[in-house]
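Going by the UniProt record's numbering, the letters in the sequence shown line up with residues 1 to 224, in that order.
What follows is a short report on a single structure.
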Amino acid sequence: MIKNTDELNLKLVAVQETINEGRRKVRPRDLEKNGLIEEKAVLNFRLKQLDENPKPTGDPKIEQKIQLLSKAVDQLNNIRFAEGQSILKKLSDLMTVEVKALGLKISEITINERFDIKYKQDGDFLSFSEIAEGEQLRAKLAFYLSLIQLDIEHNYGRHSRFLIIDSPGKEEGDKNYLEGLSKLIIELEQRFGDKLQILIGTAERSLENTVKHQKVVPADTYVF
(Lines of atoms letter the chains of each structure in order from A and count residues from 1; the text may use other names and numbers.)
(Lines give C-alpha, C1' and ligand atoms only; values in the text may rest on other atoms or scores of the structure.)
Protein backbone atom coordinates (compact mmCIF):
# COMPACT_ATOMS: atom_id res chain seq x y z
CA MET A 1 0.00 0.00 0.00
CA ILE A 2 1.44 3.37 -1.09
CA LYS A 3 0.74 6.02 1.51
CA ASN A 4 2.75 9.15 0.64
CA THR A 5 3.08 11.54 -2.29
CA ASP A 6 6.76 10.83 -2.99
CA GLU A 7 6.12 7.15 -3.62
CA LEU A 8 3.08 7.97 -5.76
CA ASN A 9 5.05 10.45 -7.87
CA LEU A 10 7.79 7.90 -8.53
CA LYS A 11 5.21 5.30 -9.47
CA LEU A 12 3.47 7.82 -11.73
CA VAL A 13 6.72 8.62 -13.58
CA ALA A 14 7.36 4.92 -14.13
CA VAL A 15 3.86 4.37 -15.50
CA GLN A 16 4.14 7.39 -17.82
CA GLU A 17 7.47 6.13 -19.14
CA THR A 18 5.98 2.74 -19.89
CA ILE A 19 3.08 4.38 -21.74
CA ASN A 20 5.43 6.51 -23.79
CA GLU A 21 7.53 3.49 -24.64
CA GLY A 22 4.41 1.72 -25.87
CA ARG A 23 3.48 4.65 -28.06
CA ARG A 24 6.91 4.59 -29.72
CA LYS A 25 6.44 1.04 -30.86
CA VAL A 26 5.06 0.35 -34.29
CA ARG A 27 2.34 -1.98 -33.09
CA PRO A 28 1.65 -1.21 -29.42
CA ARG A 29 -0.28 -3.70 -27.40
CA ASP A 30 -3.47 -1.71 -26.93
CA LEU A 31 -4.80 -3.88 -24.11
CA GLU A 32 -1.66 -3.48 -21.99
CA LYS A 33 -1.46 0.22 -22.77
CA ASN A 34 -5.08 0.78 -21.74
CA GLY A 35 -4.40 -0.97 -18.46
CA LEU A 36 -1.45 1.28 -17.79
CA ILE A 37 -3.52 4.37 -18.57
CA GLU A 38 -6.15 3.21 -16.07
CA GLU A 39 -3.45 2.64 -13.45
CA LYS A 40 -2.15 6.14 -14.11
CA ALA A 41 -5.64 7.58 -13.53
CA VAL A 42 -5.94 5.71 -10.21
CA LEU A 43 -2.53 6.96 -9.06
CA ASN A 44 -3.42 10.53 -10.03
CA PHE A 45 -6.64 10.29 -7.99
CA ARG A 46 -4.84 8.91 -4.91
CA LEU A 47 -2.17 11.59 -5.24
CA LYS A 48 -4.85 14.28 -5.28
CA GLN A 49 -6.46 12.79 -2.16
CA LEU A 50 -3.16 12.86 -0.27
CA ASP A 51 -2.59 16.49 -1.23
CA GLU A 52 -6.08 17.56 -0.13
CA ASN A 53 -6.30 15.63 3.17
CA PRO A 54 -4.46 17.01 6.24
CA LYS A 55 -1.45 15.13 7.49
CA PRO A 56 -2.34 12.87 10.44
CA THR A 57 0.83 13.61 12.39
CA GLY A 58 3.22 16.46 12.86
CA ASP A 59 0.63 19.16 12.29
CA PRO A 60 1.11 21.84 15.00
CA LYS A 61 -2.51 22.99 14.67
CA ILE A 62 -3.79 19.49 15.41
CA GLU A 63 -1.44 19.20 18.39
CA GLN A 64 -2.73 22.54 19.72
CA LYS A 65 -6.33 21.36 19.34
CA ILE A 66 -5.55 18.15 21.23
CA GLN A 67 -3.94 20.10 24.08
CA LEU A 68 -6.87 22.52 24.20
CA LEU A 69 -9.43 19.70 24.29
CA SER A 70 -7.46 17.90 27.02
CA LYS A 71 -7.48 21.05 29.16
CA ALA A 72 -11.21 21.47 28.52
CA VAL A 73 -11.90 17.89 29.64
CA ASP A 74 -9.87 18.43 32.83
CA GLN A 75 -11.71 21.67 33.54
CA LEU A 76 -15.12 20.03 33.00
CA ASN A 77 -14.11 17.20 35.33
CA ASN A 78 -13.19 19.75 38.01
CA ILE A 79 -16.54 21.54 37.59
CA ARG A 80 -18.43 18.25 37.70
CA PHE A 81 -16.56 17.21 40.86
CA ALA A 82 -17.23 20.56 42.56
CA GLU A 83 -20.96 20.38 41.79
CA GLY A 84 -21.23 16.73 42.80
CA GLN A 85 -19.00 16.91 45.87
CA SER A 86 -21.92 16.92 48.30
CA ILE A 87 -23.33 13.78 46.66
CA LEU A 88 -19.96 12.02 46.82
CA LYS A 89 -19.65 13.02 50.49
CA LYS A 90 -23.05 11.45 51.21
CA LEU A 91 -22.02 8.33 49.30
CA SER A 92 -18.72 7.97 51.17
CA ASP A 93 -20.46 8.48 54.53
CA LEU A 94 -23.07 5.83 53.68
CA MET A 95 -20.35 3.42 52.55
CA THR A 96 -18.42 3.92 55.78
CA VAL A 97 -21.49 3.05 57.84
CA GLU A 98 -22.25 -0.02 55.71
CA VAL A 99 -18.72 -1.49 55.73
CA LYS A 100 -18.64 -1.19 59.50
CA ALA A 101 -22.02 -2.95 59.72
CA LEU A 102 -20.52 -5.77 57.64
CA GLY A 103 -17.62 -6.19 60.06
CA LEU A 104 -14.83 -4.36 58.23
CA LYS A 105 -12.33 -2.33 60.24
CA ILE A 106 -12.44 0.72 57.97
CA SER A 107 -12.58 4.12 59.62
CA GLU A 108 -13.02 6.37 56.57
CA ILE A 109 -13.79 6.25 52.85
CA THR A 110 -12.86 8.98 50.37
CA ILE A 111 -13.89 9.48 46.73
CA ASN A 112 -11.93 11.85 44.46
CA GLU A 113 -12.89 13.67 41.25
CA ARG A 114 -12.06 10.59 39.15
CA PHE A 115 -14.31 8.45 41.34
CA ASP A 116 -11.33 6.58 42.78
CA ILE A 117 -12.42 5.10 46.10
CA LYS A 118 -9.93 4.79 48.97
CA TYR A 119 -10.52 2.87 52.20
CA LYS A 120 -8.72 3.96 55.37
CA GLN A 121 -7.60 0.90 57.30
CA ASP A 122 -5.06 0.93 60.14
CA GLY A 123 -4.06 4.49 59.26
CA ASP A 124 -3.40 3.81 55.55
CA PHE A 125 -5.62 4.57 52.57
CA LEU A 126 -6.03 1.51 50.35
CA SER A 127 -7.55 1.00 46.92
CA PHE A 128 -10.15 -1.72 46.40
CA SER A 129 -7.59 -4.14 44.94
CA GLU A 130 -5.38 -3.69 48.02
CA ILE A 131 -8.12 -4.82 50.40
CA ALA A 132 -7.87 -8.44 51.51
CA GLU A 133 -9.78 -10.79 49.19
CA GLY A 134 -11.98 -11.94 52.04
CA GLU A 135 -13.14 -8.34 52.53
CA GLN A 136 -13.70 -7.30 48.91
CA LEU A 137 -17.19 -8.80 48.70
CA ARG A 138 -18.28 -6.79 51.73
CA ALA A 139 -16.80 -3.61 50.25
CA LYS A 140 -18.72 -4.25 47.00
CA LEU A 141 -21.92 -4.90 48.89
CA ALA A 142 -21.49 -1.71 50.92
CA PHE A 143 -20.97 0.27 47.72
CA TYR A 144 -24.14 -0.96 46.00
CA LEU A 145 -26.24 -0.66 49.14
CA SER A 146 -25.08 2.93 49.47
CA LEU A 147 -26.00 3.69 45.85
CA ILE A 148 -29.48 2.29 46.47
CA GLN A 149 -29.84 4.39 49.61
CA LEU A 150 -28.79 7.51 47.69
CA ASP A 151 -31.68 6.84 45.33
CA ILE A 152 -34.26 5.99 47.99
CA GLU A 153 -33.34 8.53 50.67
CA HIS A 154 -31.96 11.43 48.61
CA ASN A 155 -33.42 10.81 45.14
CA TYR A 156 -29.98 10.74 43.50
CA GLY A 157 -29.77 8.45 40.48
CA ARG A 158 -32.12 5.82 39.12
CA HIS A 159 -31.08 2.54 40.69
CA SER A 160 -33.18 -0.55 39.98
CA ARG A 161 -33.33 -1.18 43.75
CA PHE A 162 -32.71 -4.86 43.08
CA LEU A 163 -29.59 -6.44 44.57
CA ILE A 164 -28.21 -9.92 43.89
CA ILE A 165 -25.79 -11.51 46.36
CA ASP A 166 -24.27 -14.76 45.11
CA SER A 167 -22.87 -17.36 47.51
CA PRO A 168 -22.13 -15.24 50.59
CA GLY A 169 -21.21 -18.45 52.45
CA LYS A 170 -17.98 -18.98 50.48
CA GLU A 171 -14.51 -18.30 51.84
CA GLU A 172 -15.05 -14.55 51.80
CA GLY A 173 -18.27 -14.93 53.78
CA ASP A 174 -17.01 -15.73 57.27
CA LYS A 175 -19.06 -15.69 60.47
CA ASN A 176 -18.63 -11.95 61.06
CA TYR A 177 -19.73 -11.22 57.52
CA LEU A 178 -22.84 -13.42 57.72
CA GLU A 179 -23.82 -11.93 61.08
CA GLY A 180 -23.33 -8.41 59.73
CA LEU A 181 -25.26 -9.27 56.57
CA SER A 182 -28.12 -10.72 58.60
CA LYS A 183 -28.38 -7.58 60.75
CA LEU A 184 -28.12 -5.38 57.69
CA ILE A 185 -30.95 -7.21 55.91
CA ILE A 186 -33.19 -6.76 58.95
CA GLU A 187 -32.34 -3.06 59.10
CA LEU A 188 -32.95 -2.62 55.36
CA GLU A 189 -36.37 -4.22 55.64
CA GLN A 190 -37.28 -1.92 58.50
CA ARG A 191 -36.04 1.18 56.68
CA PHE A 192 -37.08 0.52 53.10
CA GLY A 193 -39.76 -2.18 53.19
CA ASP A 194 -40.99 -3.04 49.71
CA LYS A 195 -38.85 -0.33 48.05
CA LEU A 196 -35.89 -2.71 47.85
CA GLN A 197 -35.52 -6.35 46.76
CA ILE A 198 -32.56 -8.58 47.55
CA LEU A 199 -31.92 -11.96 45.91
CA ILE A 200 -29.44 -14.12 47.84
CA GLY A 201 -28.10 -17.29 46.22
CA THR A 202 -26.81 -19.44 49.08
CA ALA A 203 -27.11 -22.76 50.87
CA GLU A 204 -26.36 -21.00 54.18
CA ARG A 205 -29.46 -21.64 56.31
CA SER A 206 -28.51 -19.10 58.97
CA LEU A 207 -29.95 -16.38 56.73
CA GLU A 208 -33.34 -18.08 56.51
CA ASN A 209 -36.18 -16.35 58.41
CA THR A 210 -34.02 -13.26 58.86
CA VAL A 211 -36.85 -11.07 57.58
CA LYS A 212 -40.63 -11.34 57.54
CA HIS A 213 -41.08 -10.92 53.81
CA GLN A 214 -39.04 -13.67 52.21
CA LYS A 215 -39.30 -16.38 49.60
CA VAL A 216 -37.07 -19.43 50.06
CA VAL A 217 -36.59 -21.56 46.95
CA PRO A 218 -35.56 -25.23 47.43
CA ALA A 219 -32.38 -26.56 45.85
CA ASP A 220 -32.41 -27.65 42.19
CA THR A 221 -35.45 -25.53 41.34
CA TYR A 222 -35.86 -22.48 39.12
CA VAL A 223 -36.10 -19.09 40.80
CA PHE A 224 -37.76 -17.40 37.83
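Glycine residues also receive a C-beta, built at the ideal position from the N, C-alpha and C atoms.
Proximity test, Ile-79 beta-carbon vs the ligand MN heavy atom, cut-off 7 Å: No copy of the ligand MN appears in this structure; indeed no ligand is present at all.
- request: Let me know the beta strand (DSSP E) ranges lying completely inside the stretch 43–130, each 3 residues or longer, listed in chain order.
  value: Entirely contained in the stretch 43–130, the beta strand (DSSP E) runs reaching 3 residues are, in chain order, 108–111, 117–121, 124–126.
field: Gln-149 burial status per 10 Å Cβ neighbour count (16 or more: buried)
entry: With a 10 Å radius around the Cβ and a threshold of 16 neighbouring Cβ atoms, Gln-149 comes out buried.
Three-state secondary structure assigned by DSSP to Leu-163: Three-state result, Leu-163: strand.
- request: Would you decide whether Thr-96 is buried or exposed? Buried here means 16 or more other CB atoms lie within 10 Å of its CB.
  value: Classification for Thr-96: buried.
message: Going by DSSP in three states, Gln-136 sits in which element: helix, strand or coil?
response: In the three-state scheme derived from DSSP, where H, G and I count as helix and E and B as strand, Gln-136 is classed as helix.
query: Any chance the stretch 179–189 sits against the stretch 100–107, with 3 or more Cβ pairs inside 8 Å?
result: Contact between the stretch 179–189 and the stretch 100–107 is present: 3 or more CB-CB pairs across the two stretches fall below 8 Å.
query: Leaving out five residues before and five after Leu-188 in sequence, what residues of the same chain have Cβ atoms less than 7 Å from its Cβ?
result: Same-chain partners within the cutoff: Leu-196.
- request: Using the Cα positions of Phe-192 and Arg-161, report the straight-line distance between them to the nearest angstrom.
  value: Distance from the CA of Phe-192 to the CA of Arg-161, rounded to the nearest whole angstrom, comes to 10 Å.
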